[in-house]
Every structure is written in C-alpha cells, then in structure tokens.
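*Asks:* Numbering (our numbering), first residue to last: 117 to 498. For glycine and all other residues, C-beta sits at the position ideal for the given N, C-alpha and C.
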C-alpha cells in the first residue's frame with residue numbers, strides 16, 4: 117500500500133477560509149449572526165432563488181428530521197422513499213412512527229422515477245422523498261405531476277446536488293422542501309452544516325422556530341430586548357417546542373469562502389468526471405454512469421462504475437492506496453428497518469455491482485492517472 121491514500125471524498129480549503137474565520141473571531145460574535153445570513157443569501161443567489169426561502173441549520177441530517185416535523189409525519193402516514201437513500205432519510209420517517217415505504221430505482225442512474233413511485237401510492241401516502249443521486253437530478257416533472265395529482269408532498273434530498281439544475285431550476289427548489297449538506301466531504305463544506313429550502317412563508321416561519329428553541333420571530337435576544345426598553349429582558353417566550361440547531365458565524369464564514377470558489381470546483385470535478393468516462397470506455401468489464409439528458413446539469417459529486425467483480429476491485433484499489441466505496445446501502449437491507457422481505461431487484465443489483473471512484477476538486481492529475489493505471493492493471497488480470 118502507498119503511504120498516501122487517494123480519498124474518494126475530500127474538502128478543499130485554504131487561506132480564503134482562514135481569512136474569513138479570522139474576521140469572525142475579531143468581531144467576538146461567534147454564534148448565529150450576520151455572517152450566517154450573508155451565507156444564506158449567497159447560497160440562494162448561486163441557486164437563482166429568493167433568499168427568503170432558505171434557512172441554514174447544523175447538518176443535512178437535521179434538515180431531513182426537520183422535514184418529518186414540518187409535514188407532521190404520523191403513525192398512520194406512509195412516506196415513499198427510494199431504497200437507495202442515505203440512512204438518515206429512513207431514520208427520519210421511523211422516528212415519527214410513520215410507515216417507511218421503500219421503492220426501487222433505475223439500476224444504472226440509481227435515481228428514482230415516477231414509474232417506480234406510482235405503484236406504492238395509497239390514500240395514506242403523505243410524502244415522497246427523492247434523492248438526486250450523486251448530484252444528478254431526477255426526472256422531476258413526472259414526479260411532481262404524479263404527486264400533485266394525489267396531494268402528496270415532495271421533499272428533495274439534494275445533499276449531493278449543490279448547484280445541480282433541472283431544466284434551468286436548481287434541484288432542491290422544485291418540490292415543497294429541499295435540503296443540502298455541507299459536511300466535510302461535500303462539494304462545499306462548512307465543517308458541518310445544512311441548508312433548507314421551503315416553498316411557503318408558513319413553513320419557513322415554522323422551520324426557524326423549531327430550529328431555534330421554539331422562539332417566535334418576534335422574540336428578540338436579551339441584548340436586543342434590553343435596548344428597546346424591556347424591564348426584564350431575560351424573560352423568554354416560545355411558540356412551540358424547539359431545539360438549538362442553528363448555524364454559527366464560523367461555519368457561515370467557511371461557507372462564504374467555499375461559495376466564492378464553487379464554480380472553480382465544478383469545472384475541476386467535471387474535467388475529472390469526463391476523463392474517467394473517456395478512458396474507462398475501453399473496458400468491456402465495467403459500465404460508467406449513464407449520459408445526462410437534456411436540461412440536466414449535475415454537480416459531479418459521485419463517479420460510479422458497475423461491474424460483477426466490484427468487491428475484488430475495491431479491495432485491489434484499497435491495497436494500492438486508493439479508497440473507493442458504495443453509496444447508499446439499500447435501506448431495505450438495513451436490519452433496523454425490518455424490510456428484508458421487500459423485493460427491489462434494481463437496488464439489489466446496484467448494491468452488488470456499484471463502486472464510487474475518487475472524485476473531488478483536490479484530486480491532482482497525477483492522482484487521476486494513478487486511479488486509471490490501477491483500473492488498467494486490474495482489468496489485465498481478468
């Protein structure tokens with residue numbers, strides 16, 4: 117094994133982030149404040165959407181659990197989720213004691229489609245949670261039409277799809293709610309963090325209250341109340357139960373620096389993606405991701421291949437200093453969800469043959485060459 121592992125995901129941070137963090141430290145206001153608001157507005161601008169519809173939080177997982185609360189999942193509700201989804205999506209449903217209804221996905225794009233959702237719709241279906249796999253948008257128009265016809269909420273897991281667009285509109289802003297993740301390995305990072313899009317003022321108000329202790333929008337901080345004549349500014353009033361899951365200014369500063377570089381990140385990721393596709397096309401023993409359709413602008417977050425000897429290749433790469441992985445292990449194969457009897461052949465196929473190769477903006481040309489040389493060596497042994 118080589119001394120330096122080539123990672124499948126990796127952040128790309130530097131002096132820009134350090135400078136903005138230093139500026140926050142100099143203000144002595146490290147918590148939630150104006151820097152977070154600036155980050156929310158800048159993120160909305162990148163997605164060409166009204167900044168008033170975005171709320172930041174502490175993680176993408178927090179955001180998906182928030183969805184279950186905002187749409188009031190209950191024990192007699194059914195929530196349709198593609199089995200190829202992040203584990204937190206399933207957990208958010210069962211945590212509210214709603215019924216987790218798992219559906220299949222396309223075996224090669226690993227995205228869900230309306231055709232896979234439709235057979236599972238009943239009068240109890242409250243919401244569908246779609247995942248834009250690897251940053252490639254699902255075909256959303258048929259999904260939105262189907263759900264509209266049945267009065268079903270659409271929640272988009274866009275954790276991997278920052279600045280992915282479907283027919284000119286950002287993923288995560290197409291349904292009732294969208295969410296993004298900024299954990300360390302994502303396209304942009306805040307160290308850890310998340311963002312939520314909501315399509316109504318009522319939902320935005322509810323989200324802000326739930327994420328900040330249940331405080332109503334009119335409830336000011338003690339410092340603000342003391343400056344406006346309140347005699348007992350330490351009193352607190354809440355409108356609902358809540359928790360503290362708000363982003364802080366340090367995370368917001370990192371996010372701002374990352375957004376300033378996001379277009380450069382995307383150009384680099386696209387170049388690596390295209391190089392993989394070009395050079396791997398010569399091998400009959402694997403398949404590369406499907407071509408992107410018209411109107412699809414992905415974030416190039418995953419690069420995945422499919423092959424029968426997936427596990428053998430993963431071990432070979434690992435032994436030679438290249439880390440690879442598979443995302444996401446099907447939820448129906450997770451024992452906790454008790455759905456092992458569910459038959460989803462495409463998800464089964466994907467879980468047996470799909471492998472993610474390293475793809476991130478910190479990869480050098482030499483790193484990519486190394487991965488491709490190892491692929492050639494492995495193929496020569498077949």
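#1: Among all the DSSP beta bridges, which residues are the ones paired with residue 142?
#2: CB-CB under 7 Å to residue 323, same chain, minus the five flanking residues each way: which ones, in chain order?
#3: Using 8 Å as the threshold, is the segment 385 to 394 in touch with the segment 204 to 212, meaning 3 or more CB pairs across them?
#4: Quick check: what's the CA-CA separation for residue 117 versus residue 180?
#5: Please state whether DSSP places residue 198 in a helix, a strand or coil.
#6: So, residue 405 versus residue 252, is the Cβ gap smaller than 9 Å?
#7: The alpha helix (DSSP H) that contains residue 180, what's its start and end?
#8: With DSSP run on the structure shown, which of helix, strand or coil describes residue 413?
#9: Measuring only the C-alpha atoms, how far is residue 382 from residue 409?
#10: Cα separation between residue 472 and residue 461?
#11: If we ignore side chains and look at the alpha-carbon of each, how far apart do residue 145 and residue 306 end up?
#12: On a CA-only basis, which of 301, 260 and 219 is nearest residue 293? Give me that one, please.
#13: Which class does residue 122 belong to by DSSP, given the choice of helix, strand or coil?
#14: In chain order, what residues of the same chain have a beta carbon less than 8 Å from the beta carbon of residue 372, not counting five sequence neighbours either side?
#15: Skipping 5 residues on each side, what residues in its chain have a beta carbon closer than 6 Å to that of residue 249?
#16: Across which residues does DSSP place residue 260 in a beta bridge pair?
#17: Roughly how many angstroms separate the alpha carbons of residue 291 and residue 479, rounded to a whole number?
#18: Assuming contact is defined by CB atoms lying nearer than 9 Å, are residue 276 and residue 415 in contact in what I supplied?
#19: Just checking, does the segment 486 to 498 make contact with the segment 417 to 434 on the three C-beta pairs under 8 Å criterion?
#20: Residue 401: which of 388, 453 and 423 sits nearest, CA to CA?
#21: Is there contact here, the segment 270 to 285 with the segment 234 to 249, by at least three beta-carbon pairs under 8 Å?
#22: Terminal residues of the continuous alpha helix (DSSP H) containing residue 471?
#23: In the DSSP assignment, find the unbroken beta strand (DSSP E) run with residue 295 in it and report its ends.
#24: Buried or exposed: where does residue 459 fall if 16 or more other Cβ atoms within 10 Å of its Cβ makes it buried?
#25: Can you tell me whether DSSP reads residue 117 as helix, strand or coil?
#26: State the start and end residues of the unbroken beta strand (DSSP E) segment that holds residue 241.
#27: Counting along the chain, where does the alpha helix (DSSP H) carrying residue 421 start and finish?
*Replies:* Straight from the coordinates:
#1: Your numbering for residue 142 matches position 26 in the chain shown. Beta-bridge pairing links residue 142 to no other residue.
#2: Taking the first residue of the chain shown as 1, we reach residue 323 at position 207. Cβ neighbours of residue 323 beyond the five flanking positions: 171, 182, 186, 312 and 314.
#3: no
#4: Locating residue 117 in the chain shown gives position 1, counting from the first residue. Locating residue 180 in the chain shown gives position 64, counting from the first residue. Below a pLDDT of 50, predicted positions are generally treated as unreliable, and residue 117, at 43, falls in that range; the measurement from the model is reported next regardless. Looking at the two C-alpha atoms, the distance is approximately 38 Å.
#5: In the chain shown, counting from the first residue as 1, residue 198 sits at position 82. Reduced to three states, the DSSP call for residue 198 is strand.
#6: Taking the chain shown and counting its residues from 1, the one referred to as residue 405 is at position 289. Taking the chain shown and counting its residues from 1, the one referred to as residue 252 is at position 136. In this structure, residue 252 lies closer than 9 Å to residue 405 by Cβ.
#7: Taking the first residue of the chain shown as 1, we reach residue 180 at position 64. Element bounds for residue 180: 176 to 186.
#8: Taking the first residue of the chain shown as position 1, residue 413 is located at position 297. Residue state, collapsed to three classes: strand.
#9: For the purposes of this step, residue 382 is taken as residue 266 along the chain shown, with counting starting at 1. For the purposes of this step, residue 409 is taken as residue 293 along the chain shown, with counting starting at 1. Rounded to whole angstroms, residue 382 to residue 409 spans 18 Å at the Cα level.
#10: For the purposes of this step, residue 472 is identified with residue 356 of the chain shown, where counting begins at 1. For the purposes of this step, residue 461 is identified with residue 345 of the chain shown, where counting begins at 1. Near 20 Å, if we compare the C-alpha coordinates of residue 461 and residue 472.
#11: The residue you call residue 145 lines up with position 29 of the chain shown. The residue you call residue 306 lines up with position 190 of the chain shown. If you take the alpha carbons of residue 145 and residue 306, they lie about 17 Å apart.
#12: In the chain shown, residue 293 corresponds to position 177, counting from 1. If we check each option's Cα against that of residue 293, 260 comes out closest.
#13: The count along the chain shown starts at 1 and reaches residue 122 at position 6. Here residue 122 sits in strand by DSSP.
#14: As a position in the chain shown, residue 372 is number 256, starting the count at 1. Excluding sequence neighbours, residue 372 sits near 136, 151, 154, 155 and 158.
#15: Position 133 of the chain shown, counted from the first residue, corresponds to residue 249. For residue 249, where only same-chain residues beyond five positions count, the Cβ hits under 6 Å are 226 and 227.
#16: Position 144 of the chain shown holds residue 260. Answer is none; residue 260 lacks a bridge partner.
#17: To locate residue 291, count along the chain shown from 1; it is residue 175. To locate residue 479, count along the chain shown from 1; it is residue 363. Each residue's alpha carbon lies about 34 Å from the other.
#18: In the chain shown, residue 276 corresponds to position 160, counting from 1. In the chain shown, residue 415 corresponds to position 299, counting from 1. Yes, these two residues count as a Cβ contact at 9 Å.
#19: yes
#20: Numbered from 1 along the chain shown, position 285 holds the residue referred to as residue 401. Of 388, 453 and 423, the residue nearest in Cα terms is 423.
#21: yes
#22: Against the chain shown, residue 471 aligns to sequence position 355. Not the alpha helix (DSSP H): residue 471 falls in the beta strand (DSSP E), residues 470 to 473.
#23: Translated into the one-based positions of the chain shown, residue 295 becomes position 179. From DSSP, the beta strand (DSSP E) with residue 295 extends over 293 to 297.
#24: Working through the chain shown from its first residue, we reach residue 459 at position 343. Burial call: exposed.
#25: To locate residue 117, count along the chain shown from 1; it is residue 1. Confidence at residue 117 is low in this model, with a pLDDT of 43, below 50, so its placement is unreliable and the value that follows should be read with caution. Residue state, collapsed to three classes: coil.
#26: Locating residue 241 in the chain shown gives position 125, where the first residue counts as 1. Unbroken beta strand (DSSP E) run through residue 241: 241 to 247.
#27: The residue you call residue 421 lines up with position 305 of the chain shown. Per DSSP, residue 421 belongs to no alpha helix (DSSP H); it is in the beta strand (DSSP E), 419 to 422.
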